Amino acid sequence: MTGPRQPSEEGSTTTPTVFTFGHGTADAAGITALLSGAGVGRLVDVRTAPGSRRNPDTAREAMQHWLPDAGIGYRWEPRLGGWRRVKGESPDVGLRNDSFRSYAGYMRSEDFRAGIDELLTDAAEHQVAVMCAETVWWRCHRKLIADYLTLVRGIEVRHLMHDGKLPEHRPTAEARRDGDVLVYDGPPPDPR
2 MTGPRQPSEE GSTTTPTVFT FGHGTADAAG ITALLSGAGV GRLVDVRTAP GSRRNPDTAR
62 EAMQHWLPDA GIGYRWEPRL GGWRRVKGES PDVGLRNDSF RSYAGYMRSE DFRAGIDELL
122 TDAAEHQVAV MCAETVWWRC HRKLIADYLT LVRGIEVRHL MHDGKLPEHR PTAEARRDGD
182 VLVYDGPPPD PR
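What follows is the structure, encoded as structure tokens:
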């Protein structure tokens with residue numbers, strides 16, 4: 002497991018590692034245990050609508066209180082939230098899911114890049130986890146955020162699973178870097 006950025010002997014810093022995390026049905030105690038166990042110092046919430054009727058512990062207003070009480074910073078980052086709608090034709094034909102195609106289009110915006118810059122500022126000071134509601138990262142827009150961080154920004158990304166494991170992110174096969182953006186126009190993987 003990689004911790005927060007630490008100054009090197011020459012005074013420069015190492016590249017941070019960013020975690021992603023999906024709260025699913027976990028309560029405050031479960032989330033705290035997972036994040037603390039992974040050494041997370043700040044949680045960056047990338048849900049568009051940060052609340053839950055079924056799981057009140059994960060409402061933004063609640064998390065703003067109980068996470069700092071547990072020694073973990075909390076910040077909502079709406080510029081990285083999902084549920085985007087991009088108008089017009091999408092060049093991201095390698096993504097089968099409409100929501101993912103829309104988010105991939107949004108990732109080419111200044112707002113998205115500003116949100117990423119702020120995330121990396123946090124990651125320079127703390128071990129950061131990017132959180133959304135979906136438990137598994139491959140069914141969530143965290144997958145695309147992780148692709149961008151890995152392929153465009155050169156950041157190591159790991160996915161914090163509910164069993165405490167931290168597998169390394171493997172970028173989506175259809176992703177292609179084009180300057181400082183990603184285009185998902187590669188062929189889908191062969192199902193064989």
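Position one of the sequence shown corresponds to residue 2 (the numbering used here), numbered consecutively onward.
Even for Gly, the Cβ is constructed at its ideal location relative to N, Cα and C.
All values derive from a computational prediction rather than experimental measurement.
**Asked** Can you name the residues that DSSP bridges to residue 132?
**Response** Along the sequence shown, read from residue 1 onward, the residue named residue 132 stands at position 131. Partner(s): 22, 46.
**Request:** State whether the region 179 to 186 contacts the region 92 to 103, with contact taken as three or more CB pairs (one from each stretch) at a distance under 8 Å.
**Result:** The region 179 to 186 is in contact with the region 92 to 103.
**Request:** Thinking residue 155 and residue 16 are a contact (beta carbons under 8 Å), I'd like their distance in whole angstroms, please.
**Result:** As a position in the sequence shown, residue 155 is number 154, starting the count at 1. As a position in the sequence shown, residue 16 is number 15, starting the count at 1. Contact holds; Cβ gap of about 7 Å.
**Request:** Look at the alpha carbon of residue 65 and the alpha carbon of residue 53, and state the distance between them as a whole number of angstroms.
**Result:** Position 64 of the sequence shown, counted from the start, is the residue given in the question as residue 65. Position 52 of the sequence shown, counted from the start, is the residue given in the question as residue 53. Their backbone Cα atoms lie some 14 Å apart in a straight line.
**Message:** I'd like the list of long-range same chain contacts for residue 73, defined as Cβ closer than 8 Å, with 5 residues on each side in sequence excluded.
**Reply:** Taking the first residue of the sequence shown as 1, we reach residue 73 at position 72. Spatial neighbours of residue 73 in its own chain (CB-CB distance under 8 Å, excluding positions within 5 residues in sequence) are listed in chain order as 33, 36, 37, 41, 42, 43, 44.
**Prompt:** Between residue 150 and residue 105, is the Cβ-Cβ spacing less than 8 Å?
**Reply:** Against the sequence shown, residue 150 aligns to sequence position 149. Against the sequence shown, residue 105 aligns to sequence position 104. No, Cβ-Cβ distance for residue 150 and residue 105 is not below 8 Å.
**Message:** Would you say the beta carbon of residue 120 is closer than 7 Å to some non-hydrogen atom of the ligand MN?
**Reply:** Absence of the ligand MN is noted for the structure shown, with no ligands found whatsoever.
**Message:** Tell me the residue span of the alpha helix (DSSP H) that contains residue 66.
**Reply:** By 1-based counting over the sequence shown, the position of residue 66 is 65. DSSP places residue 66 inside the alpha helix (DSSP H), whose first and last residues are 61 to 70.
**Request:** Count the other CB atoms, across all protein chains shown, that sit within 10 Å of the CB of residue 1; report buried if there are 16 or more and exposed otherwise.
**Result:** Because the chain spans 2 through 193 in this model, residue 1 falls outside it and cannot be assessed.
**Asked** Cα separation between residue 82 and residue 61?
**Response** Looking up residue 82 in the sequence shown gives position 81. Looking up residue 61 in the sequence shown gives position 60. In this model, residue 82 and residue 61 are separated by some 13 Å (Cα to Cα).
**Message:** For residue 63 and residue 75, what's the separation of their Cα atoms in angstroms?
**Reply:** Your numbering for residue 63 matches position 62 in the sequence shown. Your numbering for residue 75 matches position 74 in the sequence shown. One alpha carbon belongs to residue 63, the other to residue 75, and they sit about 11 Å apart.
**Message:** Per DSSP, what are the beta-bridge partners of residue 29 in this structure?
**Reply:** Here residue 29 is taken as the residue at index 28 of the sequence shown, counted from 1. In the DSSP secondary-structure assignment, residue 29 is not bridged to any residue.
**Message:** For residue 19, count the other beta carbons within 10 Å of its own beta carbon; 16 or more makes it buried, fewer makes it exposed. Which is it?
**Reply:** Residue numbering aside, residue 19 sits at position 18 when the sequence shown is read from its first letter. Under this definition residue 19 is a buried residue.
**Item:** Whole runs of the alpha helix (DSSP H) within the region 73 to 144, excluding any shorter than 4 residues
**Value:** The region 73 to 144 contains these whole alpha helix (DSSP H) runs: 99 to 107, 111 to 126.
**Request:** Excluding the 5 residues preceding and the 5 following residue 148 in the sequence, name in chain order all residues of the same chain whose CB lies nearer than 7 Å to its CB.
**Result:** On the sequence shown, position 147 is the one that residue 148 refers to. Counting only Cβ-Cβ distances below 7 Å, and skipping sequence neighbours, we find 172, 173, 176, 183.
**Message:** Using a Cβ-Cβ cutoff of less than 6 Å, which residues in the same chain neighbour residue 133 once the five nearest sequence positions on both sides are dropped?
**Reply:** What you label residue 133 is simply residue 132 of the sequence shown in a count that begins at 1. Only 23, 47, 48, 141, 143 meet the Cβ criterion.
**Prompt:** For residue 180, which of 119, 109, 169 has the nearest alpha-carbon?
**Reply:** Locating residue 180 in the sequence shown gives position 179, counting from the first residue. By alpha-carbon distance to residue 180, the top candidate from 119, 109, 169 is 109.
**Asked** Going by DSSP, which residues form a beta bridge with residue 158?
**Response** Locating residue 158 in the sequence shown gives position 157, where the first residue counts as 1. The partner list for residue 158 (beta bridge, DSSP) reads 19.
**Message:** Could you compute how far the alpha carbon of residue 29 sits from the alpha carbon of residue 68?
**Reply:** The sequence position of residue 29 within the sequence shown is 28, counting from 1. The sequence position of residue 68 within the sequence shown is 67, counting from 1. If I take the Cα positions, the gap works out to 8 Å.
**Close beta carbons around residue 2, own chain, < 7 Å, minus the five adjacent residues each side** = Counting from 1 along the sequence shown, the entry for residue 2 is found at position 1. Residue confidence for residue 2 is low, a pLDDT of 41 falling below 50, so the modelled location carries little weight and cannot support an answer.
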